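Start counting the sequence shown at 15; every next residue gets the next number (the working numbering). Where a beta carbon is used, it is the ideal one built from N, C-alpha and C, also for glycine. Fair warning: this is a prediction, and the values are worked out from it, not measured in the lab.
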Amino acid sequence: MHHLRCILTITEAQHISMFHPQFNWKSDRISADSIEPTSPLSNAEVGLFNDIDTLPSSKNNELQFKQLDQTSLLIQVSDLVISDISSFGSNNDADTNSTKPTHSRRAPLRALNSEQYYFIKIEFRQRLPSWLSRTDNHFDKSNYRFTALQQLIVAAGMQSKLMSDYLYLLSDPLTSLCSRPVLQNKIAQLSQSYSVGLVMVHCIDFHQINKKFGHQFGDNVIQEIASNLKDVTREEDILCRFGGALFGVAFPVNEHTDVASLAKKLQNSLQQKQYLEGAINLLFDLGAAIVEHKQEQNDENENANTLINRADQALKVAQQENQPSIITWHKDDFNLYQQQFNYLGGIFTADTVTDYRNMLLLWDISSLIADKYNFSQLCQSVVQRLAQTFDFMCAGIVSTPEQDQDEYKYSINSDDNAISLSNKDRAFLAEIKQMQKVAIESRKPSERYMGNALLLVLPLEIETQDCFFICGNAQRFEVKHDTKVLLSGLTRQLGKALRRSRLEEELNRKLETQNEQLQNELAQLKEGLQVSSIIYRSQAMENLMRHAKRAATTDTTVLVTGESGTGKERLINALHQMGNRKDKALVIVDCGSIPETLIESELFGHVKGAFTGAQNTTSGKVLDANGGVLVLDEIGELPLNMQTKLLRFVQEKHFTPVGGNKVINVDVKIIAVTNRDLAQEVELGHFRKDLYYRLNVLTLHNPPLRERVEDIALLASHFLKKFAEQFKVEKRTLAPATLEKMIHYPWPGNIRELENRLMQATLLSENSTIDWELLNIHENGHAVSATHAVMPENKLPPQEQQTSFASHFPNKSSITSAAVEQSAYVSTQTTSALQQSDSFDSKNLTPELYLSELLEIVKHLLTTSGQHPQFFNAPYGIWIEDELILKTYLATDRKMRLTAARLSISQSTARRKVDRILKDMNNGSLERPPKWEQLSEVLMPIATGEIHIANCVAKIKLLVLEAILHTPVYNMAQAAEMLGVSEPTFYKLKRELDSSH
């Protein structure tokens, strides 16, 4: 500006203007007493210099003059003229030529391969002075004012070039847009007078352009985006390229400015354009924010950092959407210190030294957190590293009184080392704990002065009361916006490490407890472990095993049938061990214990989101058995709609997961197991005929014990030996009369009943010989179930209908006293509401209280019946479920739809189970233990609908499982038998029960 005023003085002109391409050919017109804007230089005026005479000003550089009219002169100056200023004012060409040029030993930073020009326009009141007027196409170069004019022009050009180079260094070299530091400074200046808005623009999937077309085309796209932004924005708007395909547009706003509308305008303009000469279209995410101008002046730099951080947070949310989005920052929805946002945006400043320091600190502490696993050592290292950057006295972690530890608090000595907290620095802890409450409530850093000390407390953001504190001298420990944001991010990472350390400690404690439990369970399992070999000598079993060996060596589907307790599971294991897949998986699926709605997912798996609650993709049992053997236990319980899908799998050996569209091929050997007569089920319409024939390729029928009486003595000897080892007693033997009676006994419970009888006899016998009485086998005298009186269809006597549908609880005092007299396991301190009332109104019971009372009743029943030899290992889980289903069926006047709705099961499942129960009743196989009638009546409030329990059948099964686990059992196999499920299903239900508590 000073040089231009000197030119104005020498030439005695009225106005002078300077135009430079770096400033978009804009200029201010300078006069003797004012400065005012003028219109930019036109293309026509610039074109005047294409074909005119020039005035050499040095050996390699030149000035060009053009008289526009009688009162104005335009001068074109090449940037190259700046490199040889000494030639101006000298007309001695010989001297110039004789001067030996000197060469710098340092290579130039960049080669100037093309000339750049700027222009000076001089305007006079009247006519141009004579020394600036052309005479024979030459100016009067001998005039001293002309020489001074040339030197001033060059000096002004040097200043212009310095400014141009400075702006070049601060701008993006690819787009010429300003950089982040320049944007921050401009926003800071603008925020002194206005509210400022910022829109961040990000090109979606820009990396795919570089990957597909190459970086050169990627640079072209960046330039096109920048050009489009310049076209759609105003001249006073501030354009910035943060890096990559991320741009920013800042602008002053007022109360009428709609930032969201401006962002939408930007997005529409950018997405409507075609890039790379129409080859591609691009999509953009935008984040917008405003920082308000306040009368009480805030720190301008903090305003700029806050605005950029808000826009960055909004952009991060937009990028999480499934489509191009625009998100505007609002105070109610966003928080500067929320964990889900990237805190890196706030640590950058206009000071490159500070930025480098912050990034180096971030890198070092992140490395420490990644490398160190001992949290105490980690915390000390982090505090020590912070002390190398910031000047403070002490720092550490303050927690709740229960978890607060002094080992996480440190003082800084003169060598910047973190040592144990000194007594002097402990004086700050009381104040820090007060600040901790504020920081936790606000989820923001809390800053406070205490004398000459500055205290800063930052929450660790891990949903606990833990905070990180720093205490320093207020004159030396300065906390700016970028420092708060940086420390917030670092402490958040430190909080994750603390949570990881605590979880690891908790996990170790749980693992130790679980290990002890597993060791105990393993000991029990070892005690009750059965040998995998099948014991037999009968011809029936000889024929079965001969066929089993042939079936095991082929991949043909095998159907295993037989009554309950005949040892079908042992036969399955034998098939697996004798086959060519013995080294592969043996996966057993209990079709009868899985809810109908989950059978398909359990077998074939599901993809994430296939149905409500499907939060993860599961493989399914079929895929788990790939290469091995898949056992479909209780195949007769499979619903009809599922039988169709299973048929397709059995035929094709491929399936599609629930919710998926990819067909998966598997190689499995299928073994179907049932205790039903599937041929009869087909005739009744309960089982698909085509599936039956597909499964019935090789049938292995396990004969009942009454058809293999030759094996009774051998099996008895085996079980007596096993129980002698298990209970650490002398091996018992059977009296000849006892063995003779055992051979003629029908054994309705088959091998399972034989094993249980001999186990009881071993425990009850006082000598080495077992007599018939110790087996406790009685033809009559068993308590008959209340359901025994229930006949199918309409054969129930009217008087029994009235009594069976009682809707009140019985007097339970007799039950409790009987249980106490028969078992030492029953607590004498039971004081439930049900026991205290002789006539308890079920309508006053909540479902939770009802289940609690029902649990106690089932416990009493199991404890009492467990002493009865006939019901030692009875399938109580199935019996109680059948009792509930039949009671509900009768209470709803045999309406299957209402029965299914009341029990929270499907209508087809309800029909299938009711048919089975009525069939068992017709066969006379409904023997139940004593006191069963009381339990039956207690189930009536559910059956009549007085008490509604969601997912009723499943909850009752878990309740029975809990009662069994409170009953003394020898092993988990016995517990599974009492629940009426296979061992894999038992453990699955046990995990579900554990997770519900």
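Cβ-Cβ distance between residue i and residue j below 8 Å
i	j	result
L321	V305	yes
A888	P943	yes
I426	M407	yes
I757	T571	no
A264	G301	no
D681	N640	yes
P671	R720	no
R371	T403	yes
N1013	S205	Because the chain in this structure spans residues 15 to 1011, residue 1013 falls outside the shown range and cannot be described.
M7	R722	In the structure displayed, the chain extends from 15 to 1011; residue 7 sits before or after that span and is not available.
M449	R462	yes
F483	V412	yes
T1068	H715	The structure shown has nothing for residue 1068, since the chain only spans 15 to 1011.
L290	V246	no
I931	P861	no
K622	T611	no
D420	V995	no
F133	Q90	yes
Straight-line Cα distance separating residue j from residue i
i	j	result
I379	K423	17 Å
H620	D638	13 Å
S31	I21	11 Å
P609	H700	17 Å
A293	K226	12 Å
G232	I340	24 Å
T923	K524	39 Å
I167	T368	39 Å
S866	P998	27 Å
M592	M559	11 Å
E697	Y706	11 Å
Q286	S275	16 Å
Q288	E250	26 Å
A730	Y890	25 Å
E614	T626	15 Å
K927	L898	11 Å
N437	Q391	21 Å
R1005	F741	29 Å
Three-state class that DSSP yields for residue i in the structure shown
i	result
I931	helix
K308	coil
H732	helix
G301	strand
C393	helix
Y463	strand
M407	coil
I548	coil
E137	strand
N105	Annotation note: pLDDT 43 at N105 (below 50); position unreliable, coordinate value reported separately. Coil, per DSSP.
D604	strand
K225	helix
G509	helix
N437	coil
P998	helix
Completely contained alpha helix (DSSP H) runs for the segment 575-599, where each covers 4 or more residues
Uninterrupted alpha helix (DSSP H) stretches at least 4 residues long and entirely within the segment 575-599 occur at 582-592, given in chain order.
Counting Cβ pairs closer than 8 Å, one from the segment 709-724 and one from the segment 594-604, do we hit at least three?
no
Would you call the segment 746-757 and the segment 580-587 touching, i.e. three or more CB-CB distances under 8 Å?
no
Along the chain, which unbroken stretches of the beta strand (DSSP E) at least 3 residues long are found entirely within the segment 637-674?
643-647
Could you tell me whether the segment 462-470 touches the segment 502-515, where touching means 3 or more Cβ pairs closer than 8 Å?
Taking a cut-off of 8 Å for Cβ pairs, the segment 462-470 and the segment 502-515 do not touch, as fewer than three such pairs fall below it.
Threshold first: 4 residues or longer. Then list the alpha helix (DSSP H) segments lying entirely within the segment 859-892, N to C.
Given a length threshold of 4 residues, each whole run of the alpha helix (DSSP H) inside the segment 859-892 is given here in chain order: 861-879.
Taking only runs that begin and end inside the segment 904-976, name each unbroken alpha helix (DSSP H) of 4 or more residues, in chain order.
As far as the segment 904-976 is concerned, its whole alpha helix (DSSP H) runs of at least 4 residues are 910-917, 921-936, 946-952, 954-957.
Is the segment 999-1009 in contact with the segment 903-922, if contact means three or more CB pairs nearer than 8 Å?
no
As an exercise, report each continuous alpha helix (DSSP H) stretch of at least 4 residues that is fully enclosed by the segment 233-286, in chain order.
273-286
Taking 8 Å as the threshold, find out whether the segment 723-741 comes into contact with the segment 764-778 through three or more Cβ pairs.
yes
Counting only runs that start and end within the segment 727-778, where is the alpha helix (DSSP H) found for 4 or more residues in a row?
750-758, 764-778
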